[in-house]
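*Asks:*
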Amino acid sequence: MGILFSFAVVIAIVLIVFAGVRGAGLNYLFAIIIPYLALLTFIIGVTYRVFNWGRSAVPFRVPTTGGQQFTLPWIKSNKLDNPHTSYGVIGRMILEVLLFRSLFRNTKAELHDGPRLVYGSEKLLWLAAIAFHYSFLVILLRHLRFFTVPVPTPIQFLEFVDSFFQVGAPLVYITNFVIVIALLFLLYRRLGMPQIKYISLPSDYFPLFLILAIVLSGIYMRYFDKVDIVGVKQITMGLVSFRPTIPDGIGIIFYIHLTLVCTLFAYFPFSKLVHMAGVFLSPTRNLANNNRMQRHVNPWDYPIKVRSYDDYENEFREKMKKAGIPVEKE
Amino acid sequence: MATKGKPPKPEELSKISYTPPQRNWMDIPVEFKPGMYCHATRPKYLEAVGMPFPRDWSPADADWKLPDNWKEIILQGIKERLMKYRTFHVFMDICVRCGACADKCHFFLGGGDPKNMPVLRAELLRSVYRKYFTTSGKIFGKAAGARELTEDVLKEIWYYYFQCTECRRCSLFCPYGIDQAEITIIGRELLNLLGLNLDWIMGPVANSYRTGNHLGLEPHTIKANIDFMLDDIETITGIRVETTFNRKGAEILFIGPSGDLFGVPGNYVTMGELMLFHEIGLDYTWSTMACEGGNFGFFTSMEVAKKLYYKIYSEAKRLGVKWILGGECGHQWRLMNQYADTWWGPPDFLEEPVSPITGTKFENAKGSKIVHITEFTADLIKHGKLKLDKSRNDHLKVTFHDSCNTSRAMGIFEEPRYIIKNVCNHFYEMPESTIREKTFCCGSGSGLNAGENIELRMRGGFPRANAVKYVREKFGVNMLANICAIDRAALPTLMDYWNPGVDVCGVHELLGNALVMTGEIERTLDLRGEPLPGKGGAE
Amino acid sequence: MMYDGGKIIIGLLIFIGFSTFPFLFTMGKAVAKPEPKIDTPEIQKMVDKKCIESKQYMKTEHMVILNDWRDAVVRDGLRLYKSKDGRSFDMSLQNTCMKCHSSKKKFCDECHNYVAVKPYCWDCHIAPQEGT
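Protein sequence lines correspond, in order, to chains W, D and E. To convert a position in the first sequence, counted from 1, into the working numbering, add 42. To convert a position in the second sequence, counted from 1, into the working numbering, add 113. To convert a position in the third sequence, counted from 1, into the working numbering, add 36.
Put into structure tokens, the structure is as follows:
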């Protein structure tokens, strides 16, 4: 149900754009108003979410330790998986954010006869995740060529690298293949693996379908139903310079692609996609395991009733004395 | 009341399917299976520490006698905790359900119940969070993964949040560090707002509040128990070891788990420690009040946990010691490493810990002033301060079980191994995916070590037991060493069930066996009073 | 009230900076749209000012045509292009295209620079001399 529902929503968006642009001529709405609103929603939404997390206290320092602690000088401690300094934490976060360190640990458990539980290495999820996220990043950055004049050299270089094989015209991008394969694998996991299917919600399928639609519409536009790219850049530059303009004759596929992207941006802050920001705020990863060296203060600590030693001794004094255990009051 | 059921036979129990059912999990109501859950707490225990809604109730009953406004209490409790714990707030929001955690949980691996996949265990609560605290959940309901909080949902959360041992293994594998232990801790806090705790947790809590320890040992009993151990040590070594209680002016206060003062095989750990302290002439004392580093309050609510830990620093202060030495206990070290100083510090009346024997400064404990005994002992061995006869443990083929808390909330891996390798000739590691930070829980942690949930415990302990089975078959391992009192209470049952013939011990029992004491008689017995093979003719 | 507010705000500023980079980069300046020149003497001479295919088609497909031409000429030795309206042309960048569009700078580069496309035509071909 979640699968069809999510798929239907993506199809509906495409149809709405078709009707809106071809039928009602709402080019201005789809090329100007919705993009501005989507970006605004994205920035304000994510900022609000992060701000809200920031308002939550971190009462205890509870890192999940993944290696030997800092201890006696002759025992080598694991500075990245069990950091005891800020540098270690930064290193751990870099590994986590840029290389998905924890996911790299992934294993797969299988129960054999015996019974024998075996744990195989399972790096495919990691590989797909890395492939997807980095392709997405490169594609996003490549698109800056539509939003900048002159196009900064690093962006041009990125494009050069991504089309390194110089195949076809227009040149084929490596990331286009990679992201499609990665997305199809991630989708396969949700559809074909019983455990993953069981835990999947509509909000897990929707981003996959949406991003797949964005990627495919982009590929279709670049290679099969080409649009006037100079005209497209006039629209995008109009947007970023706050001088909106829409040249005639831009193909419908552009409007579809753009609106799908806007949907992703606007949907982002309300969805699980905020993990992009949340990963930085995860207290099990971004804190050092140094509680025994440096005190962590609980900002909402409050006084509580405790049992004092006096109460304890009052209850047990006679027994203590009889057993020869020293007491405060004879 | 659930009957104290016998678990199915191992052959039966190990037929596990990891394939989930066809129906959506939200449409499958919780079923209370005997052997998989614990008795409800008796009201008197809640009353003892001033917790709300004490009453007689039973999990299997349809009517849990909830207060009329139970729903508001829970929702208000969630709201409050979202602001109090960034962990909770972020973890409710950022899960992408990638499934990396799914087959990391020992309860899922041992039972196959999909709601024991950490991601789904979290979704049980997350779905409620979405319904009442997120825009998309309010508008789109089930399509956004949201659901109403009903009595059935509450019962489901209760059932599964007491099928989690807060071991953090899922957190290690999660790309965002989402820690089900943290969610379980907060989930249990919420349940405690309605008096929905376990007898096996609240009993120890009430005991600990009154007597300082979970078992409810009164001061004279503690002394008597240790006196028995001193007698046994005399029989074995010919040396009368002395110790002191509540002695002011001692240099060090020793605090271990109370399980080591009472039961087998924990008492052998205490014997090993008593012998060690005697041999090196350590100026230390016991506190009869702070005689428990463990803290079942931690399985109840943060407030109760803090309440029960008051004694640690206050007793250190009253007795005027310089620093604290902590014994072999798992969740004690979760707390001593991550909470103690925050709750009741800074302990500026103590001094930075220095080993009086080797002069080593324990730099990693310079703030909280609490040193782990394996850090202390490993340092002694490294400096050659102990005379050890490894051959006394030659009848043992030892493997080491890393406890969840000391692994994933501390990272103490090399210290106990260093000790074991110096006191045993035969040490074998279990497979790499089942030790150190990837270690598996004993299946009975976080207050689930009761009798009535024995099937749950045997299932939860299955991955651990299965790894032990591997080294038993490969190397003939017959001793499972560890540094946790819950392990010493839980693992013997687990071994009897899955791997009969494998015994369980603490690291300092092995040390006590190997420790050559000045003036001792020739050892013919180990600390358990059993003849040492190859020694003194007793073969 | 925020906890770790400093770090969080720095993080948010970086995020907002990245998200609004094109706006910050452009700073509201109007950007001239490209004006490829089609007033070369050769074109002026033409009665029927028509490229090999329609303007719209050339806009989006010229790179495909050139790519096909290269393959046809270099690999198969074919040199004749028949346009959709039946006219014949020599498949040659320099002799056909650049004959009319004689200024690379004022014609090709105008748009290519605007959208940052770097065709590798001129890796092999020699660009015509630009009369200033």
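Note that the Cβ used here is the ideal one computed from N, Cα and C, for glycine as well. Bear in mind the structure is a predicted one, so any value in this text is a computation, not a measurement.
Is the Cβ of D:S127 closer than 8 Å to any Cβ of chain W?
*Replies:* Yes, contact with chain W.
*Asks:* In chain order, which beta strand (DSSP E) runs of at least 3 residues are fully inside the stretch 273-356 of chain W?
*Replies:* Here no run is fully enclosed.
*Asks:* For the beta strand (DSSP E) that W:Y161 lies in, which residues bound it at each end?
*Replies:* Start and end: R158 to S163.
*Asks:* Taking the runs of the alpha helix (DSSP H) that are 4 residues or longer, which of them lie wholly in the stretch 551-611 of chain D?
*Replies:* As far as the stretch 551-611 of chain D is concerned, its whole alpha helix (DSSP H) runs of at least 4 residues are 567-573, 575-588 and 598-611.
*Asks:* Report the rounded CA-to-CA distance for D:T247 versus D:L188, giving the unit in angstroms.
*Replies:* If you take the alpha carbons of D:T247 and D:L188, they lie about 13 Å apart.
*Asks:* For the beta strand (DSSP E) containing E:F125, name the first residue and the last one.
*Replies:* Counting along the chain, the beta strand (DSSP E) containing E:F125 begins and ends at S124 to D126.
*Asks:* I need the DSSP call for D:K474, collapsed to helix, strand or coil.
*Replies:* Strand, per DSSP.
*Asks:* Buried or exposed: D:S427, going by 16 or more other Cβ atoms within 10 Å of its Cβ?
*Replies:* Buried: at least 16 other Cβ atoms inside 10 Å.
*Asks:* Suppose you measure from the CA of D:I470 to the CA of D:M388; what does that come to, to the nearest Å?
*Replies:* Each residue's alpha carbon lies about 15 Å from the other.
*Asks:* Helix or strand or just coil, what does DSSP make of D:P459?
*Replies:* Looking at D:P459 - three-state DSSP - the assignment turns out to be coil, as it is neither helix nor strand.
*Asks:* What number of angstroms, rounded off, separates the C-alpha of W:F310 from the C-alpha of E:I45?
*Replies:* The straight-line gap from Cα to Cα measures roughly 20 Å.
*Asks:* Helix, strand or coil: which one does DSSP assign to D:D181?
*Replies:* Correct three-state label for D:D181: coil.
*Asks:* Could you name the residues of the same chain whose beta carbon sits closer than 6 Å to that of D:M543, not counting the 5 residues immediately before and after it, in chain order?
*Replies:* Cβ within range, chain order: T512, A580 and V584.
*Asks:* Using beta-carbon positions only, say whether D:L638 and D:V536 come within less than 8 Å of one another.
*Replies:* Not closer than 8 Å, so no.
*Asks:* Is the Cβ of W:G96 closer than 8 Å to any Cβ of chain E?
*Replies:* Yes, contact with chain E.
*Asks:* Report yes if the CB atom of D:S557 is closer than 8 Å to the CB atom of D:G574, and no otherwise.
*Replies:* Against a cut-off of 8 Å, the Cβ pair of D:G574 and D:S557 comes out as a contact.
*Asks:* Can you check DSSP and say which residues form a bridge with D:G443?
*Replies:* Paired residue(s): none; D:G443 is not in a bridge.
*Asks:* Taking D:L267 as the reference, give the member of D:D515, D:L238, D:E295 and D:R282 with the closest Cα.
*Replies:* Of the candidates D:D515, D:L238, D:E295 and D:R282, the one whose C-alpha sits nearest the C-alpha of D:L267 is D:L238.
*Asks:* Buried or exposed: E:Q92, going by 16 or more other Cβ atoms within 10 Å of its Cβ?
*Replies:* It is exposed - the Cβ of E:Q92 has fewer than 16 other Cβ atoms within 10 Å.
*Asks:* Measure the C-alpha to C-alpha separation of W:I136 and D:G148 and round it to an integer number of angstroms.
*Replies:* The alpha-carbon atoms of W:I136 and D:G148 are separated by roughly 45 Å.
*Asks:* Does the beta carbon of D:P459 come closer than 8 Å to any beta carbon on chain W?
*Replies:* So, interface residue.
*Asks:* Could you name the residues of the same chain whose beta carbon sits closer than 8 Å to that of D:L285, not counting the 5 residues immediately before and after it, in chain order?
*Replies:* Excluding sequence neighbours, D:L285 sits near K217, R521, E550 and K551.
*Asks:* Express the C-alpha separation of E:M37 and D:D340 in angstroms, rounding to a whole number.
*Replies:* Going by the C-alpha atoms only, they are around 56 Å apart.
*Asks:* Please go through the same chain and pick out, in chain order, the residues whose beta-carbon is closer than 6 Å to the beta-carbon of D:M608, but skip the five residues on each side of it.
*Replies:* Answer for D:M608: V615, listed in chain order.
*Asks:* Quick one: which chain W residues come within Cβ less than 7 Å of D:P288?
*Replies:* Correct list: F142, S144 and L145.
*Asks:* Under the DSSP definition of a beta bridge, which residues are partnered with D:P644?
*Replies:* Paired residues: D:L638.
*Asks:* At a CB-CB cut-off below 7 Å, which residues of chain W make contact with D:Q451?
*Replies:* Neighbours of D:Q451 on chain W, chain order: F102, R103, V104 and N333.
*Asks:* For W:T195, which of helix, strand or coil comes out of DSSP?
*Replies:* Note: W:T195 maps to helix in three-state DSSP.
*Asks:* DSSP beta-bridge partners for D:I365?
*Replies:* According to DSSP, D:I365 bridges with D:Y397 and D:W436.
*Asks:* Establish whether the CB of E:A66 and some CB of chain W are separated by less than 8 Å.
*Replies:* Yes, E:A66 counts as interfacial toward chain W.
*Asks:* When Cβ atoms are compared, which residues of the stretch 268-280 of chain W fall closer than 9 Å to chain E?
*Replies:* Residues passing the 9 Å Cβ filter: K268, V269, D270, I271, V272, G273, V274, K275, Q276, T278, M279 and G280.
*Asks:* Can you name, in chain order, every residue of its own chain whose Cβ lies under 6 Å from the Cβ of W:H338, other than the five neighbours on each side?
*Replies:* Closer than 6 Å at the Cβ level, and outside the excluded window around W:H338, lie R103.
*Asks:* Give the DSSP-derived three-state secondary structure of E:Y117 in the structure shown.
*Replies:* If DSSP states are grouped into helix, strand and coil, E:Y117 belongs with the strands.
*Asks:* Output, in chain order, the set of chain E residues within a Cβ distance shorter than 8 Å of W:L77.
*Replies:* Note that residue 77 of chain W is Pro in the sequence shown, not Leu. Those within 8 Å of W:P77 in chain E number zero; the least Cβ separation is about 11 Å.
*Asks:* So, at 8 Å on beta carbons, what are the nonlocal neighbours of D:G589 in its own chain, with the 5 sequence-adjacent residues on each side left out?
*Replies:* Taken in chain order, the residues that qualify are K510.
*Asks:* Using a beta-carbon distance below 8 Å, is W:A80 in contact with chain E?
*Replies:* So no, W:A80 is outside the interface.
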